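All remarks here apply to the structure that follows.
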Amino acid sequence: MQEPEKTSLYLVPTPIGNLEDITLRAIRILKEVDVILAEDTRTSGKLLQHLGIEKRMHSHHLHNEHKATAHLVDRLKAGEVMALISDAGTPGISDPGFFLVRECLKNDIKVECLPGATAFVPALVKSGFSTDRFTFEGFLPIKKGRQTRLQSLAEEERTMIFYESPHRLLKTLAQFKEVFGAEREASVSREISKMFEETINGTLEELLEIFNNKSIKGEFVVVVSGAAKAGKADKE
2 MQEPEKTSLY LVPTPIGNLE DITLRAIRIL KEVDVILAED TRTSGKLLQH
52 LGIEKRMHSH HLHNEHKATA HLVDRLKAGE VMALISDAGT PGISDPGFFL
102 VRECLKNDIK VECLPGATAF VPALVKSGFS TDRFTFEGFL PIKKGRQTRL
152 QSLAEEERTM IFYESPHRLL KTLAQFKEVF GAEREASVSR EISKMFEETI
202 NGTLEELLEI FNNKSIKGEF VVVVSGAAKA GKADKE
């Protein structure tokens, strides 16, 4: 019987808030691999210390992933087993990972992604909007291409999911109001799985007013109802 192909690269989701939000399998993989590729070794070091894991870490982030990938592929081909983790959530989802995975697959290196924490799923489910069909847009372009992207979504019928930083939230909500309409229903979740987690639902106009008079801290997920079902009819 042929032995199963050995996995060389594991993508391991890490908690987005509560440190208990990590699977038993993820902990085992992190203990077993030869090296852990971390977006920020200081942040990941705290998690590993909490889990009682002592393991070599190498920095792998957006600024060095292109330069470092060829060397990592060579090491994986030579037999090393690695785990890739981001600061929080699933690697490759608005975080480093895509480029390394693509190059591994080109070189017939087996890649495995563990299921686990990611911010957009709980935000979508808690929004009350349709989950049958949705589009994950992640972070909008900061400048170039931002308006073009928004205009392309004006008639999108699926539920839309966006990530946003605290210092751009008001600008984004204002742009959503302009493009999607003041009465379009939306949901804003922040600090998912953390101590000050909250979700606020309302029209874009209502949400803009709320956050104009509110301290804006934390990481945000904005869920916007689809165009075909705008308004309260979208709620199920």
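Heads up: the sequence shown begins at 2 in the numbering used here, then just goes up one per residue. Even for Gly, the Cβ is constructed at its ideal location relative to N, Cα and C. Because the structure is a prediction, the values reported are computed rather than measured.
The Cβ-Cβ distance between Thr-136 and Thr-160 falls below 9 Å.
For Thr-91, no alpha helix (DSSP H) segment is defined, and its DSSP state is neither H nor E. For the pair Cys-105 and Tyr-11, the CB atoms are not nearer than the 9 Å cut-off.
One thing to note: Ser-226 has its Cβ within 9 Å of the Cβ of Ala-187.
Under a 10 Å Cβ-count criterion, Leu-25 is classified as exposed, with fewer than 16 other Cβ atoms of the shown protein chains found around its own Cβ.
For Asn-202, the beta-bridge partners assigned by DSSP are Ser-188. About 5 Å separates the CB atoms of Phe-221 and Glu-165; that is less than 8 Å, so the two are in contact. Within the segment 117 to 202, complete beta strand (DSSP E) segments of at least 3 residues are found at 135 to 140, 160 to 165 and 186 to 191, given in chain order. Remark: three or more beta-carbon pairs, one from each stretch, lie closer than 8 Å, so the segment 34 to 42 and the segment 60 to 74 are flagged as touching.
Between the C-alpha atoms of Arg-147 and Gly-139 there is a straight-line separation of about 12 Å. Glu-40 sits in coil when the DSSP states are folded into three classes, being neither helix nor strand. In the DSSP annotation of this structure, Ala-228 is not part of any alpha helix (DSSP H), being labelled neither H nor E.
In the DSSP assignment, His-59 forms a beta bridge with Leu-38. Residue state for Thr-24 is assigned as coil, using DSSP reduced to three classes.
Scanning its chain for C-beta atoms nearer than 7 Å, with the 5 sequence neighbours on each side dropped, one finds around Glu-6 the residues Lys-111, in chain order. Taking Glu-184 as reference, the option from Glu-192, Leu-170 and Thr-204 with the minimal CA-CA separation is Thr-204. Annotation: Ala-79 is outside any beta strand (DSSP E) and is labelled neither H nor E by DSSP. If you check the CB distance, Leu-141 and Phe-121 do not come in under 9 Å.
The count of Cβ pairs closer than 8 Å, one atom from the segment 121 to 130 and one from the segment 97 to 104, stays below three, leaving the stretches out of contact. The Cβ atoms of Val-223 and Leu-151 lie no closer than 9 Å to each other.
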